[in-house]
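Structure record follows, encoded as structure tokens.
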Amino acid sequence: MNEKSAESPLENPPAREAPEGYVDIEYVVEPNYAGWRLDRYLGEKIRRLSRTRIQRIIQRGLVCEWRLKPSTLVFPGLTFRIRRSSSGEPETPTELPIVFQDDWLLVLDKPAGLPIHPTARYQKGTLVSLLRERFGERFAEPAHRLDRETSGLVVCGRTTEACRVLGRLFISRDVHKEYLAVCEGHPPEDTFFVDAPIAEGTELIRIAVRIDRAEGKESRTRFQVLQRFVREGAPFALLRCYPETGRQHQIRIHLHEAGFPLVGDKMYGPDPGYFDRFSKRCLEPEAWERLRLPRHALHAGHIAFPHPGTRQTVSFDSPLPVDLVDFMAGKALAPGSEAGSEDSSEDAA
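Quick note on UniProt numbering: the sequence shown kicks off at 1 and runs consecutively.
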């Protein structure tokens, strides 16, 4: 055990099984987070919580054989659990289509509505939980994030070295990503750019981002109009999105800034109050009608990067999912009223 990463074991470690009425949310530190402070690591995993609240959770005690503090430096494979009272967990998709698999990589086509990592609301119904249930504890680990409502390609590393290499590639922006999005309105130009600095946090939503010319970080996205269409008399467009930087919620906030918000976006859509009421499960029927879709219309459709083993460029594609194809075709939609809140903000898009 790395003495710099954890304190001595407890004399009486916590019970391994959660007592009745409680549930344990397990975390296993991935290689690309080696050397991070524990509070920073959890802040990355549970972005809806403030750092102060995360530190209080750690100080109250995590379920782990090692004594952990907020300042503990984590290491690959460190396993701990957060114990909380159990409550009804919203249903999430259970399918996990495999796009590609070899000894280094696992590429999945994540359905909309499936969180990647466990959160306070989602424990079993996550991509990580499904991976471990079906393939075992150390089969693969996601190398990046997608929002729960975003569908599309997720790249996972299958070895410690693969996870390290992929982590460096995503940080250095040596990964080429393209998204498909359905937005409101008809952009007048077939190609347009949004160059607008992004800062974290808004007055209404801590996990949201904002355009801030003074405090924001450089952020650029290129958009290409693939198709303009009309549904029920309202204009919409299918876009291909090329994020040139990797900020949280970049595509969503840039489309809002351009005046063409994503269809179904409760955070950056037609009303800034929608997300708060959605989180509290009291979003009115009129709002769902205005949103038009029960999830935001964003899909991670293409990704390319150097293979961590061969160093040769590999690329993967995922077609536009059925719900967005049906929306574009003008088909009737089932009433939308998702039960859970969008607990975490998971990817730059």
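Backbone N, C-alpha and C define an ideal beta-carbon position, used for all residues, glycine too. Bear in mind the structure is a predicted one, so any value in this text is a computation, not a measurement.
**Asked** Between Arg252, Thr245, Pro306, Phe139, which lies nearest to Glu149 when the distance is taken from Cα to Cα?
**Response** Considering only alpha carbons, the answer is Arg252.
**Asked** Would the beta-carbon of Glu178 fall within 8 Å of that of Tyr242?
**Response** Yes, the pair counts as a contact, with Cβ atoms nearer than the cut-off.
**Prompt:** Apart from the five residues just before and just after Cys163, which ones in its own chain have a Cβ nearer than 7 Å to its Cβ?
**Reply:** Glu30, Pro31, Asn32, Glu141, Ala143, Gly157.
**Item:** Assigned secondary structure, Ser151 (DSSP; H/G/I helix, E/B strand, else coil)
**Value:** Here Ser151 sits in strand by DSSP.
**Request:** Determine the direct distance from the alpha carbon of Leu166 to that of Arg45, and round the result to whole angstroms.
**Result:** A small fix is needed here, since residue 45 is Lys in this sequence, not Arg. When rounded, the distance between both Cα atoms is 18 Å.
**Request:** Under the assumption that Arg228 contacts Gly264 (Cβ atoms under 8 Å), give the Cβ distance between them as a whole number of angstroms.
**Result:** About 18 Å; that fails the 8 Å criterion.
**Item:** Own chain partners of Leu78 with C-beta closer than 6 Å, once the 5 adjacent residues on each side are dropped
**Value:** Contacts found: Val29.
**Prompt:** Does the count of Cβ pairs from the segment 185-194 and the segment 214-223 closer than 8 Å reach three?
**Reply:** Contact check between the segment 185-194 and the segment 214-223: three or more CB pairs, one atom from each, fall below 8 Å, which counts as touching.
**Request:** Leaving out five residues on either side along the sequence, give the residues of the same chain with a beta carbon under 8 Å from the beta carbon of Glu244.
**Result:** Counting only Cβ-Cβ distances below 8 Å, and skipping sequence neighbours, we find Arg220, Thr221, Arg222.
**Message:** List, from N- to C-terminal side, the beta strand (DSSP E) runs of 3 residues or more that fit wholly inside the segment 283-311.
**Reply:** Counting only runs of 3 or more, we get 298-306.
**Asked** Whose C-beta lies closer than 7 Å to the C-beta of Gln55 among residues of the same chain, with five residues either side of it excluded?
**Response** Listed in chain order, the non-local C-beta contacts of Gln55 below 7 Å within the same chain comprise Asp39, Pro70, local neighbours out to five positions each way being set aside.
**Request:** Measure the CB-CB distance between Phe316 and Val128 and report whether it falls below 8 Å.
**Result:** No, the Cβ-Cβ distance between Phe316 and Val128 is not below 8 Å.
**Message:** In whole angstroms, give me the CA-to-CA distance for Val182 and Leu68.
**Reply:** One C-alpha to the other measures close to 45 Å.
**Request:** Tell me where the alpha helix (DSSP H) around Leu130 begins and ends.
**Result:** First-last of the alpha helix (DSSP H) with Leu130: 127-135.
**Message:** Please give the ranges of any beta strand (DSSP E) in the UniProt domain "Pseudouridine synthase RsuA/RluA-like" (105-256), keeping only runs that are unbroken, at least 3 residues long and fully inside the region.
**Reply:** DSSP runs (the beta strand (DSSP E)) wholly in the UniProt domain "Pseudouridine synthase RsuA/RluA-like" (105-256): 105-110, 151-157, 176-184, 191-195, 198-200, 209-211, 220-231, 234-243.
**Request:** Check Glu44 in the structure and name its three-state DSSP category.
**Result:** Here Glu44 sits in helix by DSSP.
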